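Colleague: Protein chains in written order, with the numbering used here: chain V, 47 to 159; chain C, 14 to 123. Don't be surprised by glycine CBs; every beta carbon is placed ideally from N, CA and C. All figures in this text were calculated on a predicted structure; none of them were measured in a lab. My structure is below; once you've seen it, I'll send some questions.
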């Protein structure tokens, strides 16, 4: 069964460093999302992406964040200058069409020291 | 903005017992999703409900959406250790980003 994959599974970085989190959505899906979950808190929406552009973003998704679909399969989230409070589990999700079920990847656990 | 309240926050049940988890929305739901999350892992899709009064079942898990589309319940029959994890409800409030509840942590003891 097709699934969303994410790499790396864990990432440790120093404050101020750039990180890129990678996702491979399910192949025939058209809508892509990033969510994050700070330890012990709710899963929060960051950004949605459709037709090679951002369709919606939350207030968390500030200028330090960017997303890209560099080729036909990968979907990336870049954090330019990481802060301690960026430490969280980051989930990628995709769905086939608007308002259909979103399927989540296993997540990347990011720790900023 | 839409808020989802889940209850209880945590639940410990003996294997074989039934249990119910509730999810209440501050606004009318266009779609209500149930996901399961094991500690430190991703969200596994369980079920989606869209119509008022809708009920869906998968194996021993049944989810319902009330007629007013503001509350959903997840019922597990004859719980097993494999049911342990955190159950999250997620709402589609009319646009595609999902809003999630805090989750209900379920432990099943032998």
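Using 8 Å as the limit for Cβ to Cβ distance, is residue 148/V near chain C?
Modeller: It does: the Cβ of residue 148/V has a partner Cβ on chain C nearer than 8 Å.
Colleague: Nearest-angstrom Cα distance between residue 89/C and residue 60/V?
Modeller: Going by the C-alpha atoms only, they are around 43 Å apart.
Colleague: I want to verify the contact list: residues of chain C whose CB lies under 9 Å from the CB of residue 153/V, in sequence order.
Modeller: What residue 153/V touches in chain C: 53, 54, 55 and 56.
Colleague: Could you compute how far the alpha carbon of residue 124/C sits from the alpha carbon of residue 97/C?
Modeller: Lying outside 14 to 123, the shown extent of chain C, residue 124/C is not represented and no answer is given.
Colleague: Buried or exposed: residue 159/V, going by 16 or more other Cβ atoms within 10 Å of its Cβ?
Modeller: Exposed: under 16 other Cβ atoms inside 10 Å.
Colleague: Looking at the C-beta of residue 73/V, does it have a partner C-beta in chain B at a distance below 8 Å?
Modeller: The structure shown contains no chain B; its protein chains are V and C.
Colleague: Can you tell me which of the three DSSP states residue 131/V falls into?
Modeller: Three-state result, residue 131/V: helix.
Colleague: For residue 68/V, which beta-bridge partners are listed by DSSP?
Modeller: According to DSSP, which records beta bridges pairwise, residue 68/V is partnered with 53/V and 122/V.
Colleague: Below 7 Å CB to CB, which residues in the same chain sit around residue 100/C once its five sequence neighbours on both sides are set aside?
Modeller: Excluding residues within five positions, the ones whose Cβ falls inside 7 Å are 34, 47, 49, 87, 116, 117 and 119.
Colleague: Would you list, in sequence order, the uninterrupted beta strand (DSSP E) runs of no fewer than 3 residues that lie entirely inside the stretch 19-87 of chain C?
Modeller: List check, beta strand (DSSP E) in window: 23-27, 32-38, 44-50, 56-62, 68-71 and 74-78.
Colleague: Can you tell which of 32/C, 58/C, 14/C and 92/C has the C-alpha that lies nearest to the C-alpha of residue 21/C?
Modeller: Out of 32/C, 58/C, 14/C and 92/C, 32/C has the C-alpha closest to the C-alpha of residue 21/C.
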